[in-house]
Amino acid sequence: MTRCHSSPFSELDTALEWLARERSSREKSNHSSLPGRDGGDNVTGSRSGDTNGDGGAKRNEIQWFSPTEFQKDEGDDDERRLEWETMPLYPLGEVHVPFSGENHALINTEPRNVKMARDIVDGKWNDNLFCVALRARDTNRIASVGTIMQLIHADETNGTPSRERVKVTCRAVGIARIMNVTNPMVWEGTKDDDGNNYLVAQVKIRQIMTDESSFGNDVEDDDNGKARSTIHNGNQNGNSNNNNHNNTNSKTTNERLLQLPNDIIQNYQKIKSIYKNSKSIANSELPNFARDVMTTMPDYTDPQMIRDETKFWKMVDTWQKMCNTVRHIKRYRLQGYVNEILIEVAESMARKKGEPLELPVRREKMPEWVQRQIESMEERASKEFMELGMDPVLDFQEILIMEGHWERVHKLAEMVERERLRLEAKESLIKAFLKDVEEGNGMPGALKDTGGFN
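The number in our numbering is simply the position in the sequence shown, starting from 1, with 14 added.
So, in structure tokens, the structure goes:
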């Protein structure tokens, strides 16, 4: 048995503000190349040039704030503020996909979170709603767009004040922008924080699912409440030549975008097939506990579900589960490597001293050079996981930020295609090694090093 400290590297955690900013800088094309973002094509999402209150921020870039530094937009007059809803704010190191219909379990043990859960159960907050927002592990700041959750059920375990536990079952029912924090003085680390009070935010709900509501496939509301088409034709204010040019561009764009649902379904089916039928990939990628998870994912076959916004979110939720499974596999293997090193070194040290092996093996008691080796291994594994393209956090926060359905479709299409290409490349590489082995040109052990942690 080993015991070690937890770090972003060892957890393969991607809820990191520095990583979000690096991705935004590195992937500028992803923030500008989608039709309708900067060019003459006609797919619209949020307002062009929306800075999200940050003067030069890229559209769809994740914006972060600290409750103690939050500044309201002076342009938000009293009439606009009437549109805001007040509810508890629950920062977490993960992103919850809305509208999938799936239930989520949140286990609350911190006094502030236990109090929040009890207040919601007692009816203090309208419709049992609260806002979950991504919290950056490195800066402790919060993403400005979150998921509206509705508490469905709560189970409480009584005990001493330090051991109280409330497990809540909730459902992600909406998306909201956080406009203000009404009690920043209770944020962790502030002088008035006693650990017993939770944050309360004023939010502007962008979309919310109710029993009566449904989403259209192509029409959304803009900030003025007017209906607009997600895909529309041309610049209505231009001259006839520009209109003709834009109509041509629009036709090309629409054809390209309408193909994306087919691409997503085909790539998804290919990925499932590789995980299920490719023995080489199954052996190298999936521990036994993960094979059933990956091969029993829903069998989506109809591209129409991608065009239907309600059903589309189910696909997003499924893909996030696949990403979380991949990360869990990588964590499992990384921890196995770390444990092997710790046990081997601890046994060697015990033999030299003529003493029995002391359990648990504590990482902090290892020689400094061992700790450095492990940290280097974890850092390399973390970097390789980030490069893998199966991030269950930041990619989905970007989807949450997007206001246009087809922008989200485009983003998901990129993510699914990237994984299909990775698996196909790895499958080809493994097959090439196996062929060399069969022909006597290679050693089976070489297969262990074909993909690092990926």
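Note that beta-carbon positions come from the ideal geometry of N, C-alpha and C, so glycine has one too.
Burial state of residue i, where buried means 16 or more other Cβ atoms lie within 10 Å
i: Y346; result: exposed
i: N238; result: Any answer about N238 is weak, because its pLDDT of 39 lies below 50 and its placement is not dependable; what the coordinates show is given next. The residue in question, N238, is exposed, as its Cβ has fewer than 16 Cβ neighbours within 10 Å.
i: D208; result: exposed
i: L27; result: The sequence given here has Asp at residue 27, not Leu. That one is buried.
i: Q273; result: exposed
i: M199; result: exposed
i: P81; result: buried
i: W201; result: buried
i: S287; result: exposed
i: R177; result: exposed
i: F303; result: exposed
i: K425; result: buried
i: L471; result: Given a span of 15 to 468 for the chain in the structure shown, any question on residue 471 remains unanswerable.
i: D210; result: Note on residue identity: the sequence assigns Asn, not Asp, to residue 210. Classification of N210: exposed, given that the 10 Å Cβ count is below 16.
i: K379; result: exposed
i: E453; result: exposed
i: N291; result: exposed
Cβ-Cβ distance between residue i and residue j below 8 Å
i: E36; j: V407; result: no
i: M336; j: M319; result: no
i: M311; j: T324; result: no
i: C145; j: Y104; result: yes
i: D217; j: A190; result: It is Val, not Asp, that sits at residue 217 in the sequence shown. Closer than 8 Å, so yes.
i: I76; j: A119; result: no
i: I357; j: P301; result: no
i: W98; j: E31; result: no
i: G403; j: R422; result: no
i: N74; j: E412; result: yes
i: V111; j: W327; result: yes
i: E417; j: R220; result: yes
i: I192; j: G160; result: yes
i: N321; j: P275; result: Going by the sequence as given, residue 321 is Arg instead of Asn. In contact: R321 and P275 (Cβ atoms closer than 8 Å).
i: Q164; j: V135; result: no
i: L443; j: I285; result: no
i: A131; j: A168; result: yes
Sequence-distant residues of its chain with Cβ nearer than 8 Å to residue i (five each side left out)
i: E392; result: S21, F23, S24, L348, V352
i: N117; result: I166, T183, C184, R185
i: N258; result: Unreliable positioning characterises N258 in this predicted model, as indicated by a pLDDT of 48, which lies under 50. A coordinate reading is not provided.
i: E124; result: G209
i: N154; result: S80, E202, G203
Any non-hydrogen atom of the ligand FMN closer than 7 Å to residue i Cβ
i: L435; result: Absence of the ligand FMN is noted for the structure shown, with no ligands found whatsoever.
Which of helix, strand or coil DSSP assigns to residue i
i: V109; result: coil
i: T58; result: Annotation note: pLDDT 31 at T58 (below 50); position unreliable, coordinate value reported separately. Correct three-state label for T58: coil.
i: V375; result: strand
i: M14; result: Because the chain is modelled from 15 through 468, residue 14 falls outside the range shown and cannot be assessed.
i: A29; result: coil
i: L96; result: coil
i: W420; result: helix
i: L300; result: coil
i: K449; result: helix
i: N127; result: helix
i: N519; result: Only positions 15 to 468 of the chain appear in this structure, which leaves residue 519 out of reach.
Same chain only: Cβ atoms within 6 Å of residue i, ignoring 5 sequence neighbours per side
i: M101; result: W139, L143, F144, C145
i: N197; result: V214
i: S396; result: F23, L26
i: E170; result: V180
i: F113; result: M223, W327
i: L448; result: none
Cβ-based neighbour list, residue i, same chain, cut-off 7 Å, excluding 5 preceding and 5 following
i: A150; result: A29, L30, E31, W78
i: P317; result: P275, N276, I279
i: A360; result: L371, V375
*Runs of alpha helix (DSSP H) lying entirely within the segment 142-227, each at least 4 residues, in chain order*: none
*Just list the alpha helix (DSSP H) runs in the segment 309-391, keeping only unbroken ones of 4 residues or longer that don't cross its boundaries, in chain order.*
318-321, 323-367
*Jot down the residue ranges of each uninterrupted alpha helix (DSSP H) in the segment 264-291, minimum 4 residues, whole runs only, in chain order.*
none
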